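Structure, as structure tokens:
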Ligand code: GDD
């Protein structure tokens with residue numbers, strides 16, 4: 008029995024869904040899974056560096072709709088290629104990395120070849136689907152015909168149940184995990200800090216694409232207040248994206264050039280050093296025009312490195328943290344609230360130390376891939392059994408449900 012994961016985003020492309028799939032499927036038995044991933048510069052070299060069964064195919068369509076003739080042609084080409092890959096690998100089941108375009112292709116394949124499919128939901132794509140009637144209609148169909156819908160957080164699952172709607176018995180929460188052997192604490196390293204241009208300044212770090220919902224702008228707006236109490240504070244931003252120019256303008260406008268450093272996109276090794284050496288990690292996310300953070304793997308990576316974290320009271324990020332024990336959840340719509348919490352954490356090394364130690368323990372207990380991957384596999388296997396043999400949906404979500412209990416939002 009071979010399952011084929013069909014995903015547009017996969018390393019070497021940077022991003023949360025790609026990280027999730029890479030970390031998960033490389034831990035599953037090689038003979039049971041094959042990956043059909045989108046093409047990307049550097050993909051060939053990357054694929055020579057691992058032993059997963061992988062195929063590449065064009066999945067970067069100009070539009071996810073099927074009305075435009077060019078998209079229709081792209082879908083048809085991809086569907087034809089997918090069927091060939093399915094036959095070549097004798098695949099009996101598909102996993103779609105997202106509803107569009109992968110889920111649509113999986114649904115077509117189901118119609119032609121009778122393969123059941125599961126589809127992942129990350130959260131951010133739901134707003135994109137809502138932006139047009141055509142995309143909403145397509146995504147609804149994909150979710151309706153899926154045997155299993157996998158949400159990355161309880162929050163994403165709730166939205167799927169309430170607004171799409173996906174029935175509870177076909178919906179499961181699989182939180183992404185973190186590689187705690189790679190993301191691990193390290194002692195302060197003056198050389199590494201010098202290389203990053205941080206020296207001995209107190210550093211708040213954010214890692215992630217520069218997108219409005221991630222809230223870099225709110226933290227920049229909070230900096231004047233933070234600077235009053237922590238004069239040498241430095242805000243280090245790792246990642247790139249469409250907001251880069253707007254954020255640079257904001258920094259210039261507020262005269263904060265000395266307090267903000269844009270690192271751009273870093274390689275994994277440099278990014279790891281940044282996590283390990285920062286004083287505080289922040290993902291000051293909030294909802295912007297319906298766009299929200301589905302989960303937030305960066306918060307797991309920072310906690311695995313023993314860093315205290317601060318995250319927004321929005322989307323699925325509260326599920327990554329044990330509030331008050333490993334970090335703080337803050338209403339990040341307001342720079343003054345964010346500044347207050349950041350000042351408190353930056354001013355007290357002892358508090359940071361105990362939060363950071365608890366953060367490491369928390370991710371080891373709850374999110375380590377060595378436990379998360381077998382649970383995900385068990386979920387896939389249970390979903391593929393005939394209806395009567397399927398285990399109770401609560402089994403897999405039980406752990407997440409208890410997160411929800413501890414992290415319940417007001
Ligand atoms: N090497 C490197 N360099 N990695 C980076 C960089 C960079 O500059 N920037 C981000 N990353 C990596 C992080 O290490 C992390 O593993 C991933 O990209 C970002 O993941 P998320 O924090 O989860 O954010 P996302 O917006 O890209 O992901 C989306 O899907 C995830 C999985 O469902 C969002 O919906 C997330 O909320 C969700 O967790």
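In this note's numbering, the protein residues as written are 8 to 417.
C-beta: ideal position from N, C-alpha, C; glycine also.
The model shown is predicted, which means the values in this text are computed figures rather than measured ones.
Original post:
Residues bridged to residue 240 by DSSP?
Top reply: As a position in the chain shown, residue 240 is number 233, starting the count at 1. Answer is none; residue 240 lacks a bridge partner.
Subject >> Environment of residue 176 [buried if 16+ CB atoms lie within 10 Å] >> reply: Taking the first residue of the chain shown as 1, we reach residue 176 at position 169. By the neighbour-count rule (16 or more Cβ atoms within 10 Å), residue 176 is not buried but exposed.
Subject >> Three-state class that DSSP yields for residue 28 in the structure shown >> reply: Numbered from 1 along the chain shown, position 21 holds the residue referred to as residue 28. It is helical.
**OP:** Anything with a beta carbon under 6 angstroms from a heavy atom of ligand 1 counts; list them all in chain order.
**Re:** 21, 22, 23, 24, 26, 27, 129, 130, 131, 159, 183, 214, 215, 216, 245, 246, 272, 273, 274, 275, 278, 300, 301, 302, 303, 304, 305 and 308
Original post:
Whose CA, out of 268, 141 and 319, lies closest to the CA of residue 74?
Top reply: The sequence position of residue 74 within the chain shown is 67, counting from 1. With distances taken between Cα atoms, residue 74 lies closest to 141.
Subject >> Cut-off 7 angstroms between Cβ atoms - residues of its own chain near residue 44, not counting five sequence neighbours on either side >> reply: To locate residue 44, count along the chain shown from 1; it is residue 37. So the list reads 14, 17, 61 and 63, once near-sequence residues are dropped.
Original post:
Going by C-alpha distance, which of 9, 174, 182 and 37 is nearest residue 97?
Top reply: One-based indexing of the chain shown puts residue 97 at position 90. Comparing Cα-Cα distances from residue 97 to each of 9, 174, 182 and 37, the minimum goes to 9.
**OP:** Alpha carbon to alpha carbon, how far is residue 129 from residue 202? Give it in angstroms, no decimals.
**Re:** Position 195 of the chain shown, counting from 1, holds the residue named residue 202. Position 122 of the chain shown, counting from 1, holds the residue named residue 129. Taking the straight line joining both Cα atoms gives about 34 angstroms.
Subject >> Buried/exposed call for residue 209, threshold 16 Cβ in 10 Å >> reply: The count along the chain shown starts at 1 and reaches residue 209 at position 202. Buried.
Original post:
Helix, strand or coil: how does DSSP classify residue 47 here?
Top reply: Taking the first residue of the chain shown as position 1, residue 47 is located at position 40. Three-state DSSP puts residue 47 in coil, outside helix and strand.
Subject >> Limits of the unbroken beta strand (DSSP E) element including residue 98 >> reply: Position 91 of the chain shown, counted from the first residue, corresponds to residue 98. 98-103 is the extent of the beta strand (DSSP E) around residue 98.
Subject >> Enclosing alpha helix (DSSP H) for residue 269 [first to last residue] >> reply: Here residue 269 refers to the residue found at position 262 of the chain shown. It is not in any alpha helix (DSSP H) - residue 269 instead sits in the beta strand (DSSP E) that spans 267-271.
Original post:
Taking the alpha-carbon positions, what's the residue 419 to residue 181 distance?
Top reply: Nothing in the structure corresponds to residue 419, since the chain is present only between 8 and 417.
Subject >> Nearest residue (CA-CA) to residue 191, options 371, 240 and 32 >> reply: For the purposes of this step, residue 191 is taken as the residue at position 184 of the chain shown. Closest by alpha carbon: 371.
**OP:** Run the CB neighbour count on residue 105, radius 10 Å, all protein chains shown included, and call it buried at 16 or more, exposed below.
**Re:** As a working note, residue 105 is residue 98 in the chain shown. Counting Cβ neighbours within 10 Å, residue 105 comes out buried, since at least 16 surround it.
Subject >> Backbone CA spacing between residue 240 and residue 233 [nearest angstrom] >> reply: The residue you call residue 240 lines up with position 233 of the chain shown. The residue you call residue 233 lines up with position 226 of the chain shown. Cα-Cα distance, rounded: 7 angstroms.
Original post:
Looking at the structure shown, is residue 224 part of a helix, part of a strand, or coil, going by DSSP?
Top reply: Here residue 224 is taken as the residue at index 217 of the chain shown, counted from 1. Here residue 224 sits in helix by DSSP.
Original post:
Under the rule that 16 or more other beta-carbon atoms within 10 Å means buried, what is residue 395, buried or exposed?
Top reply: Within the chain shown, residue 395 is the residue found at index 388, counting from 1. Note on residue 395: pLDDT 40, under 50, position unreliable in the model; the coordinate value appears next. Residue 395 should be labelled exposed.
**OP:** Could you check what DSSP says for residue 330 in three-state terms: helix, strand or coil?
**Re:** As a first step, residue 330 is located in the chain shown; it is residue number 323 there, counting from the start. Reduced to three states, the DSSP call for residue 330 is strand.
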